[in-house]
Structure formats: structure tokens, C-alpha cells
Amino acid sequence: MDPVTFSIIRHRLFRVVEEAVITLKHVSGSAITNEGHDLMVSLYRADGSLLMGGVGFLHHLTSASEACKSIIRRFEGDIEEGDIFLLNDPYTAALHTSDVYLVAPIHHDRKLIAWSACFVHVFDIGAMNPGGFAPDATDIFSEGFSSPGTKLVSRGRLRQDVWDTLLNMVRGPEMVALDLRSMIACNNVARERMLSLVDKYGPQTVDEAFRLLIEQSEQRLRQRLRELPDGRWQSRQYLEVKGEVFRVVLTMTKSDDSLTFDFTGSSPQSRFSVNCSKWASLGGLFAPLFPLLCYDIVWNEGVIRPITMVAPEGSIVNCIRPAPVSVATVGAIQSVNNAACSTIGKMLMASEKYAEEATAVWHANHFAIFMFGNNQHGRLAIGILTETFAGAGGARTFADGVDLGGEIPNPISRMANVETIEAAFPIRYLFRRRLQDSGGPGFYRGGAGGELAIVPHDAPDGGMHYVVSGKGTKFPQSEGLAGGFPGGVNDYVWVKTPTTGANADPFAQSLPDMAGEKMPVSWGVFPLMGQDALYVRWNGGGGIGDPLERDPEAVAHDVLDRVVSPAAAAQVYGVVLSSDGIDRDGTQQRRAALRRGRFARGTA
Amino acid sequence: MARISMMLLRLDGRVCCASCKAPIAAATDSWKARAALSETPVAGLPGAGLGVDRDVVVRQFSCPSCGALLDSETALPGDPFLEDMVSG
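If you read the protein sequences in the order shown, they are chains B and W.
Once you know that position 251 of the first sequence is 251 in the numbering used here, the rest is easy, because the numbers rise by one and skip nothing.
Once you know that position 5 of the second sequence is 609 in the numbering used here, the rest is easy, because the numbers rise by one and skip nothing.
Right under this line is the structure:
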């Protein structure tokens with residue numbers, strides 16, 4: 001094919017996805033979509049294979065491919081021009097019920113030529129807890145409606161009976177309707193732009209470009225893998241729910257031009273909803289693989305071909321229906337992400353050529369806190385604290401991680417302004433800022449996470465409630481590399497209404513300043529009523545290299561910047577500070593003493 | 605000489621410290637078993653958080669010759685070392 005035409009078609013595909021994302025955001029009315037960018041848009045070939053992965057949460061690229069393939073199988077002979085299908089069953093293809101896929105066939109001259117797909121985390125899905133994350137669920141039947149495939153739009157006409165049925169099963173149906181309409185609009189724009197492309201270049205040329213694009217991605221990834229050393233790398237993640245500890249264990253083996261991710265040794269599936277299905281695990285390992293290994297390769301089926309996954313059936317990474325999975329995206333899937341990020345980082349670090357692409361684990365623990373209740377405008381409000389998308393960057397081999405730097409699996413994630421949240425919910429922020437000592441220490445420090453506190457404000461019912469599905473309080477999960485320490489952990493603290501009769505400080509600026517009983521919480525539904533407050537801190541990224549080798553000036557700067565405490569400077573980095581600045585002799589002695597301490601236990 | 609990580613090299617069939625070049629173990633063996641091991645409880649680190657598990661530690665594997673920190677991993681007691689091996 002003429003390389004210029006090929007290149008034009010390739011770039012047009014990027015623009016199709018980009019414009020569809022813009023459409024999705026313009027029509028959507030929820031902060032989780034507009035601000036947090038908990039979304040994804042992508043394009044698929046006629047057989048459902050991934051053609052062009054878009055931005056947003058990358059776990060979904062392979063799952064939506066399976067969604068297309070599943071729709072093709074289920075609706076064989078009944079897929080028509082203008083149709084749009086809904087699918088959100090995690091045991092068919094989706095990650096959890098509240099991430100709803102809308103997939104749409106694209107026909108040209110009555111022939112199926114491609115698919116578009118998108119998802120958003122809908123306002124509600126009818127699970128036992130508002131917002132979709134259902135920590136109290138014991139099976140998938142308590143996690144809202146789940147469809148293995150439903151035709152929502154038929155030949156361009158909305159199926160009102162299906163629409164009404166769906167909206168009859170959820171809280172806030174007007175908001176869910178807006179979510180669904182945003183996805184319909186997104187798919188419509190993707191279809192129109194794709195057809196415009198086909199009209200210009202012809203279906204044969206465009207399809208040939210699709211085929212070449214996939215072939216090119218496969219060749220380029222295989223070539224990259226051949227340039228990397230063969231080997232085997234391991235990672236382990238701990239998750240805890242109500243005292244039970246689960247492990248996600250990964251051995252990644254690279255041989256010639258292929259990679260195998262083997263999760264043998266991971267815990268059996270849990271009675272809690274942190275499990276994930278095999279499609280979710282597959283998406284979970286690809287989420288870091290796309291940006292770390294394929295930063296200059298189009299994310300499509302060609303990238304998938306060299307990769308094999310082994311996920312034992314009945315384990316936490318390949319659970320059996322009807323195990324609950326609503327917390328999967330911040331549970332086992334995120335642990336799969338983290339483990340894959342860690343092993344890929346180690347492999348890259350073993351290469352002179354690609355060492356600069358290595359990274360410690362970023363933001364390993366989402367805190368899925370969904371607030372719900374009547375707001376100051378008299379409407380039901382359900383929504384996530386979008387600070388979970390603020391994340392924290394892992395350290396690189398050439399620089400510190402970026403404070404509040406987002407996360408690997410979603411290159412466009414971000415948090416909403418405080419004012420956006422305060423406008424939608426009857427709450428007021430006491431503070432929101434970077435969290436001291438949250439970035440994993442190292443020669444290069446992990447990026448800092450954050451902390452916040454909120455109180456009820458102007459609430460017609462005296463406050464509201466929140467659902468917290470919070471792993472990450474017991475075990476650090478943002479692993480470091482080459483000696484770097486992991487990032488800090490999360491905390492969720494219910495500061496209960498003072499019983500002393502004294503009023504809480506309405507302007508408290510730290511957790512210790514806040515009056516009342518401080519009760520750590522992590523799993524379930526809790527009140528934010530009266531003079532209650534909710535304090536949340538979230539993890540930093542992992543560090544890289546030896547903290548005792550970090551430039552003392554950089555440590556002193558971090559202390560001045562309040563990202564590192566004086567205690568951590570002395571205890572972890574071995575930097576002694578005085579009122580005059582760095583005590584050079586004291587630092588040298590302190591570091592020598594800490595280094596000697598490493599021999600105290602002898603060899604392993 | 606081949607690179608294993610920022611802190612480790614493979615030299616003459618052995619895993620060596622990248623700082624002092626001292627051999628630690630045969631390339632086919634677990635180098636971590638030959639490294640100096642120290643453990644830091646996560647709960648004892650500055651800014652550890654309120655709910656941290658009391659048993660979880662950061663294992664630090666250091667060069668037995670020069671004390672350079674070679675690798676670290678988060679672990680509960682009894683869990684095996686994470687074994688990374690570069691072929692060649």
C-alpha cells in the first residue's frame with residue numbers, strides 16, 4: 001500500500017477516536033466521566049479484533065474486543081446497520097457491571113466493516129450499594145443488572161422497552177440516561193467519521209490499511225521484545241479485606257519475541273467482591289503493557305498476539321460465576337496492573353537500550369469512595385471522589401515520580417476541582433494537598449499521593465453517606481525498583497461527631513486537628529452526618545534505587561517542600577538537617593551507620 | 605558483561621554488584637539468598653498510615669561486600685523471595 005495513504009488513514013483513526021472521546025465528554029453530565037476520565041473509546045475490525053485502542057482506562061481495550069466478538073456470536077444474522085448493543089456482564093467480557101459497554105457495528109453498503117466501542121462508569125447500576133461498587137455483595141446477583149448482550153438501538157431507533165427496563169432498575173435514572181446517551185452519541189460520531197474515511201478511500205483500501213496496521217504493530221512489538229533480554233521476573237501484591245489477606249502472584253517470562261504472564265500461585269477467589277474474571281485480568285496486564293512497551297506502536301490486535309496469559313480458574317484473577325466482582329477494578333484488576341507494571345519495569349531495566357522506559361509502580365490503590373444522598377439542590381447525588389484519579393507517579397530511572405501524577409492504566413486521568421465536587425454534593429473540603437512521606441524513597445523518589453478531608457455542608461438531610469471499597473490500607477502496593485521503597489498506603493478515617501459537646505473545628509487543617517473519635521474504615525457504608533468528617537489519604541508511587549545515594553540537596557529540597565518529613569530524611573535517606581541546612585559530616589556518618597546496619601542480619 | 609538491573613550485573617557467569625563489581629552468586633542461582641538481608645517493618649516507616657499491617661516488611665537485599673542496596677520487595681513473613689533471572 002502507498003505509505004502516504006497508509007499514514008493518512010492511520011492518523012485519521014487516531015482522530016476518529018479523539019473526536020468520539022470529546023463527544024462522550026460533552027454529552028456526559030458526570031464528574032467521573034468529564035473530570036476523572038473514567039471512560040474509554042476504541043475501534044475494532046469487522047471480526048471484533050482490536051484495531052485502534054483509544055485513551056481512557058486501558059484495561060477495557062481487550063475486554064471491549066471480547067464484547068464485540070461476543071455480540072457477533074450472540075446476534076449472528078441479526079446485526080444491522082444503525083444497531084447499538086449494550087453489554088456489561090463481567091463473565092462475558094466486561095470488568096464489572098457499572099462499566100457499561102455500548103458497542104456499535106459500522107456498515108458500509110450494508111456490509112459490516114468495523115465496530116466502535118466505548119464505556120463509562122454509569123451513575124448507578126442497581127447494585128445493593130449506590131454507585132456500583134458493592135462491598136456488601138456476596139455474589140454477582142447483588143451487583144446490579146448485568147447483560148451479556150442487549151440490542152439497545154435497532155436500525156438507528158432506540159428500543160424504548162429495553163431503555164425503560166434498564167432505567168427502571170437503577171437509582172437516578174435521568175443521570176444513567178445521560179450516561180447512555182453520551183455513549184450513543186460517541187458511537188454515532190465514531191461511525192460517521194469512519195464512514196467518511198471509507199467514502200474517501202474506498203472500503204478495500206481502508207480494510208487493507210487496517211490489516212497492515214495490525215501486522216505492523218505485531219512486527220514492531222516482536223522486534224522490541226527481541227531487543228530485550230530473555231528472562232523471568234516476579235511480582236507479588238497483597239490485598240486485604242476485613243482481615244483476610246489475598247495475593248496476586250505473577251511470574252512474567254520473556255522468550256525471544258513473546259511474553260507469558262503466569263498468575264499461578266495467586267489466591268483462590270474471595271467471598272468479597274475484589275475478584276476479577278479472566279477478561280478483566282487480561283485487560284489488567286495490558287493496561288501497563290500498552291504504554292510501557294508500545295508507547296510508539298498502535299495499540300491493536302497485533303500487540304495482543306505475542307502475549308499469553310495463564311490465570312488459574314477459580315483464583316482471584318479468574319473467578320467463577322457467581323463470585324462477586326464489583327470492586328474488581330480497584331481490587332484484583334489493579335493488582336494485576338501493578339504486578340505487570342513491576343515485572344515489565346524490571347525487564348526494561350535489564351536492557352541498556354530501554355532502561356529509561358522502566359518505571360516503579362504508579363498509584364497502586366484507587367480509593368473508590370462513592371458518596372450518595374440528597375444534595376443542596378434537592379436531587380439525589382451519587383458520585384465518586386475523583387481525587388482517586390489524581391494518582392501518583394512512580395519513579396523513573398532518570399527522575400522522580402510526578403507528585404499526584406496520575407496512573408499508568410489511564411493516561412488522561414485527573415481529579416475534579418474542589419468547587420466542582422462542592423457544587424454537586426452537600427459537602428465542604430477542609431483541605432486537599434500532597435501527602436508528606438507518601439512517595440516511595442529511593443535514589444529517585446516516588447511521586448507523592450495526597451490527602452483530603454470533607455465535612456457536610458448545606459445538606460438537607462444533615463449530611464450524606466458513602467460507600468468505601470478500600471483496599472490498600474494494610475499493605476503498600478506501589479512497588480519500587482532496584483532497591484527503591486514502595487509508596488505509602490491509603491487511609492480512610494471516619495472522624496465521628498464529637499460527644500463532648502464541643503463543636504468540631506470547622507477549619508481544621510490536619511487529621512490531628514480534627515475533633516472527635518477517629519475510626520479507620522475501609523469496607524462498607526458509613527455516614528458523613530452532622531459534625532462527622534471523612535479523612536482520606538492515598539498512596540504515592542514507588543521509588544527507584546538506594547535512598548542513601550540520593551542527593552542530600554534533593555532531600556533537603558523535599559523537606560522544604562513538605563513532601564518528605566525531617567524524620568524520613570534522617571531515618572530513610574540518612575540526611576541530617578540543621579537550622580543551617582545540610583549537616584554534611586552528620587549526613588556522612590549517618591549514612592555510613594545505616595549502611596552498616598544492612599549487614600546486621602547477615603546473608604539471607 | 606550484561607545488565608540485570610540498575611544495581612546488578614552479570615559478569616563471567618555470576619551476578620555481581622554494579623557498584624563494587626563483587627560477585628554475589630552464580631547466575632543460575634538465587635542471588636538474593638547470597639545477599640545481605642535486612643528488613644524494615646512498614647509500620648515503622650515515617651508516614652506509615654494508621655492501618656498498616658504489623659507484620660509486613662520491606663526486605664532489603666544489599667551487596668555483602670560494599671553494602672549497596674541491590675533490590676527491595678514488600679513481603680509477609682514466610683513468603684518466598686521474588687526471584688528475577690535474566691538469561692544469557
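All C-beta atoms in this analysis are idealised placements derived from N, C-alpha and C, irrespective of residue type, glycine included.
Asked: Close beta carbons around PRO381 (chain B), own chain, < 6 Å, minus the five adjacent residues each side; Found: One point to set straight first is that residue 381 (chain B) is Ala, not Pro, in the sequence displayed. Contacts found: ASN375, ALA424 and PHE425.
Asked: Segment limits, beta strand (DSSP E) that includes MET40 (chain B); Found: 39-45
Asked: Proximity winner among B:VAL521, B:HIS26, B:LYS496 and B:HIS121, relative to MET40 (chain B) (alpha-carbon distances); Found: B:HIS121
Asked: Segment limits, alpha helix (DSSP H) that includes PRO552 (chain B); Found: 552-560
Asked: 8 Å Cβ cutoff met for PRO135 (chain B) and LEU654 (chain W); Found: no
Asked: Residue-level contact to chain B via CB, LEU654 (chain W), 8 Å cutoff; Found: yes
Asked: Selection of the segment 472-488 of chain B by Cβ proximity to chain W, strictly under 7 Å; Found: THR473, LYS474, PHE475, PRO476, GLU479, GLY480, ALA482, GLY483, GLY484, PHE485, PRO486 and GLY488
Asked: CB contact below 8 Å: GLU352 (chain B) versus chain W; Found: yes
Asked: Ordered list of alpha helix (DSSP H) runs contained in the segment 194-253 of chain B, each at least 4 residues; Found: 203-227
Asked: Bridge partner(s) assigned by DSSP for PRO527 (chain B); Found: B:HIS465
Asked: The alpha helix (DSSP H) enclosing PHE14 (chain B), as first and last residue numbers; Found: 3-27
Asked: Members of the segment 516-529 of chain B near chain W, C-beta cut-off 9 Å; Found: LYS518, PRO520 and SER522
Asked: Exposed unless 16 or more other CB atoms sit within 10 angstroms - verdict on ASN129 (chain B); Found: buried
Asked: The segment 19-33 of chain B contacting the segment 233-250 of chain B, beta-carbon criterion three pairs below 8 Å; Found: no
Asked: Interface positions of the segment 666-690 of chain W facing chain B (Cβ-Cβ less than 8 Å), listed along the chain; Found: SER666, PRO668, GLY671, ALA672, LEU673, LEU674, ASP675, SER676, GLU677, THR678, ALA679, LEU680, ASP683, PHE685, LEU686, GLU687, ASP688, MET689 and VAL690
Asked: Coarse secondary structure for ALA339 (chain B), derived from DSSP in three states; Found: helix
Asked: Contacting positions in the segment 136-169 of chain B - beta carbon closer than 8 Å to chain W; Found: none
Asked: Spatial neighbours of ASP99 (chain B) in its chain, beta-carbon cut-off 6 Å, leaving aside the 5 residues before and after; Found: PHE119 and HIS121
Asked: Status (buried if at least 16 other CB within 10 Å, exposed otherwise) for LEU560 (chain B); Found: exposed
Asked: Strand pairing of ASP583 (chain B), partner residues [DSSP]; Found: ASP583 (chain B) is not bridged to any residue.
Asked: Opposing strand residues paired with ARG663 (chain W) [DSSP bridges]; Found: W:GLU643 and W:GLU677
Asked: PRO203 (chain B) versus B:PRO90, B:LEU152, B:LEU112 and B:LYS471, residue with shortest Cα-Cα distance; Found: B:LEU112
Asked: Test item: CB-CB of VAL310 (chain B) and VAL274 (chain B) under 8 Å; Found: no
Asked: Near the ligand NAP: SER326 (chain B) beta-carbon under 7 Å from a heavy atom; Found: This structure does not include the ligand NAP; it has no bound ligands of any sort.
Asked: Contacts that MET349 (chain B) makes with chain W (C-beta to C-beta distance below 7 Å); Found: SER609 and MET610
Asked: Cβ neighbour criterion (16 or more within 10 Å) applied to SER255 (chain B); Found: exposed
Asked: Listed by chain order, chain W residues near ARG537 (chain B) by CB distance under 8 Å; Found: GLY653
Asked: From B:CYS341, B:SER579 and B:TYR466, residue whose alpha carbon lies closest to that of PHE261 (chain B); Found: B:CYS341
Asked: Host beta strand (DSSP E) of VAL290 (chain B) (start-end); Found: Correcting the residue type first, residue 290 (chain B) is Phe in the shown sequence and not Val. Counting along the chain, PHE290 (chain B) falls outside any beta strand (DSSP E), though it belongs to the alpha helix (DSSP H) covering 278-293.
Asked: Below-8 Å beta-carbon distance, TYR398 (chain B) vs any chain W residue; Found: As written in the sequence, residue 398 (chain B) is Phe, which differs from the Tyr given in the question. By this cut-off, PHE398 (chain B) is not an interface position.
Asked: Neighbour list for PHE599 (chain B) in chain W, Cβ cutoff strictly below 9 Å; Found: ALA640, SER642, SER666, PRO668 and GLY671
Asked: Beta-carbon separation (whole angstroms), GLY283 (chain B) vs HIS59 (chain B), contact threshold 8 Å; Found: 4 Å
Asked: Coarse secondary structure for ARG591 (chain B), derived from DSSP in three states; Found: helix
Asked: Of the listed residues B:HIS557, B:THR97 and B:TYR101, nearest to SER613 (chain B) (C-alpha basis); Found: Missing from the structure shown is residue 613 (chain B); chain B here goes from 1 to 604 and no further.
Asked: Presumed contact (8 Å Cβ cut-off) between GLY524 (chain B) and PHE370 (chain B), rounded CB distance; Found: Contact doesn't hold; Cβ gap of about 12 Å is too wide.
Asked: Contact with chain W by LEU289 (chain B), beta-carbon distance below 8 Å; Found: no
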